[in-house]
Structures are given as C-alpha cells and as structure tokens.
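Heads up: the structure comes next, in structure tokens.
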Amino acid sequence: MQGGLYGNALQAALFVGHLQIVQSLLDKGADVNMQGGHFGNALQAASFGGHLEIVQTLLDRGADVNMQGGYLGNALQAASTEGHLEIVQILLDKGADVNMKGGYYGNALQAASYRGHLKIVQILLDKGADANMQGGLYGNALQAASTKGHLKIVQILLDKGADVNMQGGEYGNALQAASYEGHLEIVQILLDKGADANMQGGLYGNALQAALFVGHLQIVQSLLDKGADVNMQGGHFGNALQAASFGGHLQIVQTLLDRGADVNMQGGYLGNALQAASIRGYLEVMQLLLDKGANINAQGGEYGNALQAASAEGHLQIVQMLLDKGADVNMQGGHFGNALQAASTEGHLEIVQLLNLNGAKKLCRMRSTSTNLRETNEITSALGSSVNALTH
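Following the UniProt record's numbering, the residues of the sequence shown are numbered contiguously, the last one being 392.
Following this line, the structure appears as structure tokens:
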C-alpha cells in the first residue's frame, strides 16, 4: 500500500533501521523497487539513513542500484550526501553509475563536495566521476565545494581537471561563490588557477559585487589586485560602488573610489551609488560620495534621485544634508514623482515639513485611499503650516 510520509511500509521500516521488519515485508512480497515517498525508493532511503545491512539486503533481493527518483535522485547521491562511505563503496561495487544525474545536488560528486566528504569525493573521482559534470543547485562540484569553504576538496577537484571558470548554478561560478561566502584562501587558489575575476553571471553579477555586498574587504582587494574591473556593470545593483554603498560598507566604498570607481556611474535598480546609500540611510557613505564628486541631483533608478529615496524611507538627517548640499527639492521623476510626494505617501511628517520649508511645491495629489484619514490630515496640516511659515 502506498501513501503516508514514507510512501510505503518497507520504506518506513528501513528508514529507521528495522532490519527484521524489512526482511519480513520482503518475505511477504513487498516490492523492493516500489517507487514513492520522499526518497523515491527503498534503496535510496536506506542509503540516506546509513543502514548498511539493509542496503545489502535490498541489493541481494534485487533492488535496482540505479533507480531514479526522490529528493536526492538516486541511492549513490543519497549516501554521498550523508557521508556513508561503506554504502557508497557497496553501491559502486554493485554497478551504481558514478555520473548519474538528477536530484537536489545534480550528481553524487556535487553532493559529497558540498557536504565536505573528502574521502567520498576521492572515491568517486577514482571511479570515474566527471569533475565538470553540470547540474544541481550549485551547477558543478567545484562551485559546491567553494560555497562551503572545503579547501581540500577544491584542490582535489582542480587537480582532477575541474574547469575553474565553469558557469552555472546559483552563484554563476566558483569564484563568485567563494567571494560571497568569504572564503579568502579559496578565492586566492581559484585566482591563481586562472579564474576570471571579471566573469559575469550568477546571483550577484560578478565576484567583486558578491564579495563587497557582504563586506569582505580582503577578498575585494584580492579581486582588484587580480584585475577585477572596478567599473564593471551588471548584477542587481549595476556596479560595485552601488552595491557597496547599498550595503553601507564605508571602507570598501573608499577602496573602490581609490581604485578608480566612477562615483556617478549609472545603472542597476537604484540608479547610482548616492541613491543606494540614501535609501539605506548611510550618512557617512553619502558624505564620502559627495566629497568625491557625486552628482547630488543625478537622475535614474527606482526613486529617481537621492532626495526622493531618503524622503521615501524617512531618513530626516540625510534629507537635511542633501538639501544643504543643493539638492533640487522639486526634481521630478521616480516612483513617487518627487520628494514631497514620497514623504507624504509614506507618512514622514517631519520630512514633509522640512521639504516645504525648503520650497517644495504643493502636492498635486494626496495619498491613496488605502491611507488612513488621520495620517492624511496630518500631512495636509503640515503643508499648510509650512506655507504659513514661509509667508510670515
């Protein structure tokens, strides 16, 4: 009978290691290759659980060593994921395809590489596993090992011919994975082995943006030393300076500027670095960008300009600084149309007052009907008070 968490009685019994029950069920005609359940079949479930005797019993009773299905694709990948060395050896001795594709990790080698099972990685490679096989969440074994910081596995894979610049997977390539996760030694090894510091793709666009987004200064410096283009465009934030500014990483912003980053480069979701810092409220980063010549009225991005971004997010001190530095209080564009509309829509009363005191034009429309009446009345009163203050 099929159904339930484990798919059938056989999988339920073997998952927790009840050998006698497994034997009884098989004696009574349980199908050793029945499919279903989280692990797809009995052999995969037993392999994942590390039940050596049960795995041997299933194989002796005719279990298909290469049956596909389930979360981890096949029994070999299941055993490799959990680090069950003896089971991996038995499965291979029984004819398991070392390069079989499928499952969460794509193949057994990627599973073992991600989980850090050095001996299993070595056995799989010795048995002919393809170090460059594609598939799975991390694209390939090298990216998987680089993601988790398994230095020895990275070295073994490279020695076995893994392509240091292979693309695919969540991070696009191994260098971006190691850069984002902060594995400096692996980054240096990959670069020494010829990794392209400017390769595009993946979640963060390139390795430089991946490293600086989470504040890994040493990795940023290593990538720049190896020729990473400080002004390369791509990724969610468009360029490295915008990503670092959004993250509030002051030292990295300074490093990028010292290395020639264009303070006014346009692109990405937030248009430019100044707007990126403005939306997050990073005052010191904004001051540095302005000192380096950032155009305070640069247009583009989701909010149109830095003043609108700060106004929408309620950063009063930054709004004041931008106005003091000459930001155009009536600049049009962006999601809200102008800074006053942004502050009003988001209910930032003090910023509404400040903008009006600095010459913001009266709103052409009020908040949407979803805004509560009290807040709308407060904004309206603020507009009136500000106008009165300017005319008396």
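Note that beta-carbon positions come from the ideal geometry of N, C-alpha and C, so glycine has one too. Since the structure is predicted, the reported quantities are computational estimates derived from the model, not experimental observations.
Expected contact under 8 Å - CB spacing of residue i and residue j to nearest Å
i      : j      : result
LEU256 : ALA240 : 6 Å
ALA273 : GLN242 : 5 Å
GLY301 : VAL329 : GLY301 to VAL329, Cβ: 18 Å. No contact.
GLY83  : GLY40  : Actually they are not in contact, since the Cβ atoms of GLY83 and GLY40 sit about 20 Å apart, beyond 8 Å.
ILE54  : LEU14  : 5 Å
LYS148 : GLY116 : 6 Å
LEU124 : VAL98  : 6 Å
Residue i classed as buried or exposed, judged by whether at least 16 other C-beta atoms fall within 10 angstroms
i      : result
SER311 : buried
GLY103 : buried
VAL16  : exposed
LEU313 : It should be noted that the sequence gives Glu, not Leu, for residue 313. With 16 or more other Cβ atoms within 10 Å, it is buried.
GLN20  : exposed
GLN218 : exposed
SER24  : exposed
GLY194 : exposed
GLN299 : buried
ASN356 : buried
ILE87  : buried
GLN341 : buried
GLN11  : buried
GLU181 : buried
GLN209 : buried
GLY29  : exposed
GLN317 : exposed
GLN308 : buried
GLY293 : exposed
GLN275 : buried
GLN353 : buried
GLY326 : exposed
GLY334 : buried
GLY128 : exposed
GLY202 : buried
GLY62  : exposed
GLY227 : exposed
When the options are compared against residue i, the one with the closest alpha-carbon
i      : options                           : result
VAL285 : ALA244, ALA46, GLU302 and ALA298  : ALA244
HIS150 : ALA78, MET166, GLY234 and ALA174  : ALA174
GLY215 : PHE246, ALA111, ALA112 and ASN198 : PHE246
ALA177 : TYR204, GLY267 and LYS119         : TYR204
ILE153 : VAL263, GLU185 and LEU355         : GLU185
GLY248 : ARG280, ASP258 and GLN275         : ARG280
LEU158 : ARG115, GLY202, ALA144 and GLN11  : ALA144
ASN74  : HIS18, GLY238, GLN317 and ALA111  : ALA111
MET34  : LEU58, ALA108, LEU124 and GLY50   : LEU58
ALA78  : SER113, GLY62, ARG61 and ASP60    : SER113
ASP324 : THR345, HIS335, GLN341 and LEU290 : LEU290
MET232 : GLN200, ASP225 and PHE213         : GLN200
VAL283 : HIS315, HIS348, GLY172 and GLY161 : Residue identity check: residue 283 is Leu in the sequence provided, not Val. Of the listed residues, the one whose Cα sits closest to LEU283 is HIS315.
ALA277 : ASP258, TYR303 and ARG259         : TYR303
ASN66  : LEU52, GLN44 and LEU354           : GLN44
GLN122 : SER179, ILE189, LYS101 and GLN89  : GLN89
ASP225 : GLY202, ARG259 and GLY235         : ARG259
ALA162 : TYR171, ASN132, GLY172 and ILE189 : ASN132
HIS18  : GLY49, LEU223 and GLY36           : GLY49
MET265 : ASP196, LEU125, ASN295 and GLN332 : ASN295
MET166 : HIS183, LEU190, LYS148 and ILE156 : LEU190
GLY234 : ALA207, LEU223, LEU72 and GLY227  : ALA207
GLY254 : ALA306, LEU288 and SER222         : In the sequence as displayed, the identity of residue 254 is Gln instead of Gly. Minimum Cα distance to GLN254 is reached at LEU288.
PHE237 : GLY227, ALA228, PHE213 and VAL220 : PHE213
GLN130 : MET100, GLY116, VAL22 and ASP60   : According to the sequence as given, residue 130 is Asp; it is not Gln. Checking every option, the nearest Cα to that of ASP130 belongs to MET100.
GLY172 : ASP31, GLY268, ASN198 and ILE351  : ASN198
Any C-beta of chain D under 9 Å from that of residue i
i     : result
ILE21 : You won't find chain D in this structure, because it holds only one protein chain.
For the structure I just gave you, are there three or more beta carbon pairs, one from the stretch 133–142 and one from the stretch 86–94, closer than 8 Å? Judged by Cβ distances under 8 Å, the stretch 133–142 makes no contact with the stretch 86–94, as fewer than three pairs qualify.
Which runs of the alpha helix (DSSP H), 4 residues or longer, sit entirely within the stretch 67–107? Here the runs fully enclosed are 75–82 and 85–93.
Whole runs of the alpha helix (DSSP H) within the stretch 249–286, excluding any shorter than 4 residues: Within the stretch 249–286, the complete alpha helix (DSSP H) segments of 4 residues or longer fall at 250–258 and 273–280, listed in chain order.
In chain order, which alpha helix (DSSP H) runs of at least 4 residues are fully inside the UniProt repeat "ANK" (104–136)? Taking only runs of at least 4 residues, the alpha helix (DSSP H) segments lying wholly in the UniProt repeat "ANK" (104–136) are 108–115 and 118–126.
Alpha helix (DSSP H) segments (min. 4 residues) lying fully within the UniProt repeat "ANK" (38–70): DSSP runs (the alpha helix (DSSP H)) wholly in the UniProt repeat "ANK" (38–70): 42–49 and 52–60.
Mind pulling the alpha helix (DSSP H) runs of 4 or more residues that sit fully within the UniProt repeat "ANK" (8–37)? Counting only runs of at least 4 residues, the UniProt repeat "ANK" (8–37) fully encloses the following alpha helix (DSSP H) elements, listed from N- to C-terminal order: 9–15 and 19–27.
Unbroken alpha helix (DSSP H) runs of length 4 or more, entirely within the UniProt repeat "ANK" (206–235): which are they? Correct list: 207–213 and 217–225.
Can you give, in chain order, each stretch of the alpha helix (DSSP H) that sits fully within the UniProt repeat "ANK" (140–169) and has at least 4 residues? With a minimum length of 4 residues, the continuous alpha helix (DSSP H) runs that stay inside the UniProt repeat "ANK" (140–169) are 141–148 and 151–159.
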